[in-house]
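Under the UniProt record's numbering, the first residue of the sequence shown carries the number 1, and numbering increases by one thereafter. Just so it is clear, CB atoms sit at the ideal spot from N, CA and C, and this is done for glycine as well. Data first, discussion second: the structure below is written as structure tokens.
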Amino acid sequence: MLPIGRENRRSSSTLSQTQELLQGNPVLAIRPEAPKLLKDLGEDYSRYPQHWPNRSSYSGTPGPFLASEQKSSLVRTTSSTAFSDSQADLEKLGYPNDSIVAFDPYFGGEKGFILYRDEVEADDKYHMPAYDDDLVYKPSWKDYLNARAVISAMGGIALILGLLCVFILLPIMAYVNNISPLNGPSNQTNVDAEPQSWAYVNNRTYPLLKNVRTGLIDPDTPVSARTRTSIFDGSTLNLVFSDEFNTMNRTFYPGDDAYWTAPNIWYGSTEDLEWYDPDAVTTGDGTLQLRMDAFPNHNLQYRSGMLNSWNQLCFKGGVFEVSLSLAGPSGVPGLWPAVWTLGNLARPGYRASSDGIWPYTYTNCDLGITPNQSSPDGLSYLPGQKLSSCTCDGEDHPNPGTGRGAPEIDILEASVDPNNRIGVVTQSYQVAPFDIFWRPNANFMQIPNYETTSPNAYCGGPYQQAISGTTLLNNEWYDGNEYQKYAFEYIPGNSSTGKISWFVGEDQSFMLDGRAIGQNGNVGPRQISEEPMSMVLNLGMSNSWSQILFDSLKFPTIMHIDYVRIYQKPGEEMITCDPPGYPTTEYIANHAVAYSNPNLTSWHETGYSWPKNKLTGC
């Protein structure tokens, strides 16, 4: 037997006594005159709340007033009603007593409160479930198989299959069959044979870690360049480090490269006009590019690049060679391109680290280690050798008993002869303490060709003694038009064994024997650097270097470096920042403030103490 329909079941429900009375007496649906007073409804009417809080805004018939609120203009009706006539025959209307009349929810033809849970309203079938609804409306298989349900199920299955393919099937196939569209250089996702120009970086394949090489020698270095002949004894020198810069778009922010870092500093020691920014250093067309631009930045008007190997790659002894094309325009004074080396105990551009360190190369314990060399005539403004060979016991020193410092050997510092507008390079060795009037012993200096090279008239100043020669250049060796090799070879040691020789191209340009900076007056012999040397390449501009013809300079201008190579004798290879007897890295790590803050200009600002020495008193 089928269940009774919802409407039939609702209509057949039992009605309350009041509802039956109203259905049997439709005359009660005709509302008599509305009561005027609360007492007309009986004493129990006040048990129910009033549903129109503001009678002035109620749109229906006003409710009864309290007797105290009645206006004098209101008079009671004389009509006989079921509320006002106490003699009304309630039995005629089918009500057994007045309590049913007073609280009947259907009184006056309007529905009031539902007093019983089994009373039925006309809309109950829409919002009140019946006891057998679960059986009557239980979905069948036909309900589940309608068109909407089938389409939803198919969509869900497709979504699950797609996720499985992307996260499980595709990685497995890529690993097994090598079909990934990302196969190839990690920074080139375009699988087309000829990617668009803006998307092309280079065609080289990189290992997982960027800029990591398996050896010190660049694989791109030609076999013919793997050896070089020593100028001093004719022996064969082997290539121990090289960087050909053939990989395009290399970056040199701190941590990007194993051997090089481009600093983000102002070079205040020489009051440069540019800010050195890592963004100005990159590679392209097989060269390292140091680019100088003219635009405001860091309260300066120019931005350029510097690259150095400080505390990453150092060498001691041998040949340091570069091939480059100087920044142009040629024949215009103003720019200061340079390739040089510095003892690792001084960090380029960090003046606190070089205070009392640069450019000392001295092992004696005499007036040469004192401030100003104890000379009142302005010979020296240096604070004295901080890490002398005679520091007191227990004082801060990387290896007590050895005089330490950071001398400087320059492959080149380029400028322009202001008279004939021909390019000139200065190749120098910068040391402290100084000779009297900064004059070395010329008997131990050699210039093979005076037609192109001459002794530099500038021998130094109160901050360094410079032993150097100047060589004329070809004005075609600029702006990437032509490249030229520059190099120096040196043998570390004291005045009797040490020596340095500089080269432009294949030709020796200038040679310095260690005896040229030997004993002189109250200053003992200076050494040809025994320190591990870091490499520096930069393109600068400063009024302290040369006259600047701003109107004739053109920006941007780029200094191109084709390669950097280091050669050393077999069995004497020393590519380290901690050579025997001259450690540096631990000392640097223990004085991180001086070597990490370029804004500090002296050692005293770092908070570290200046070591005492036996000459001035322990």
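Taking each of 482, 446 and 613 in turn and checking the Cα distance to residue 469, the smallest one comes out for 446. Around the beta carbon of residue 387, 16 or more other beta carbons lie within 10 angstroms, which makes this residue buried.
A direct Cα-to-Cα measurement between residue 278 and residue 592 gives close to 21 Å. Listed in chain order, the non-local C-beta contacts of residue 618 below 7 Å within the same chain comprise 392 and 612, local neighbours out to five positions each way being set aside.
Under the three-state reduction of DSSP output, residue 547 falls in the coil class, being neither helix nor strand. Sequence-distant Cβ neighbours of residue 338 in its own chain, meaning closer than 6 Å and more than five residues away, are 413 and 538. DSSP places residue 124 in the uninterrupted alpha helix (DSSP H) bounded by 124-127. Under the DSSP assignment, residue 243 falls in the beta strand (DSSP E) whose first and last residues are 236-243. By the C-beta criterion, the region 522-541 is judged to be in contact with the region 330-345, since at least 3 inter-stretch pairs fall below 8 Å. Boundaries for residue 281: no alpha helix (DSSP H) harbours it, while the beta strand (DSSP E) harbouring it runs 281-284, taken from the DSSP string. The Cβ atoms of residue 535 and residue 309 sit closer than 8 Å to each other.
Under the DSSP definition of a beta bridge, residue 564 partners with 243 and 322. Between the region 357-377 and the region 439-454 there are fewer than three inter-stretch CB-CB distances shorter than 8 Å, so the stretches are not counted as touching. Within the DSSP secondary-structure output, residue 485 pairs in a beta bridge with 323. Take the alpha-carbon of residue 405 and the one of residue 488: they are about 20 Å apart. Pairing residue 607 with residue 260, the inter-Cα distance amounts to about 29 Å. Taking a C-beta distance under 8 Å as the contact criterion, residue 565 and residue 346 do not qualify as a contact pair. The three-state secondary structure of residue 228, taken from DSSP, is strand. Under the DSSP definition of a beta bridge, residue 593 lacks any partner.
A residue is called buried when at least 16 other Cβ atoms come within 10 angstroms of its Cβ; residue 263 meets this threshold and is buried.
Scanning its chain for C-beta atoms nearer than 6 Å, with the 5 sequence neighbours on each side dropped, one finds no residue around residue 597. Counting only residues of its own chain and dropping the five nearest sequence neighbours on each side, residue 235 has a CB closer than 8 Å to the CB of 229 and 569.
The DSSP-derived three-state label of residue 583 is coil. Residue 303 carries a strand assignment under DSSP once its states are collapsed to helix, strand and coil.
Distances from the alpha-carbon of residue 418 to those of 397, 545, 142 and 476 put 545 closest. The beta carbon of residue 498 is closer than 7 Å to those of 491, 492, 514, 527 and 528 in its chain, skipping five residues each way along the sequence. The C-beta distance from residue 403 to residue 434 rounds to 15 Å, too long to meet the 8 Å contact threshold. Listed as beta-bridge partners of residue 510 by DSSP are 502.
If you draw a straight line from the Cα of residue 476 to the Cα of residue 330, it comes to about 8 Å.
Counting only residues of its own chain and dropping the five nearest sequence neighbours on each side, residue 563 has a CB closer than 6 Å to the CB of 244 and 323.
CA-CA distance, residue 437 to residue 464, rounds to 11 Å.
A buried status is given to residue 502, since no fewer than 16 other beta-carbon atoms sit within 10 Å of its beta-carbon. Following the DSSP letters along the chain, one finds residue 608 in no alpha helix (DSSP H), marked with neither H nor E. Between the beta-carbon of residue 408 and that of residue 341 there is about 7 Å, and that keeps the pair under the 8 Å contact cut. Here the C-alpha atom of residue 157 lies approximately 59 Å from the C-alpha atom of residue 293. The Cβ atoms of residue 241 and residue 307 do not sit closer than 8 Å to each other.
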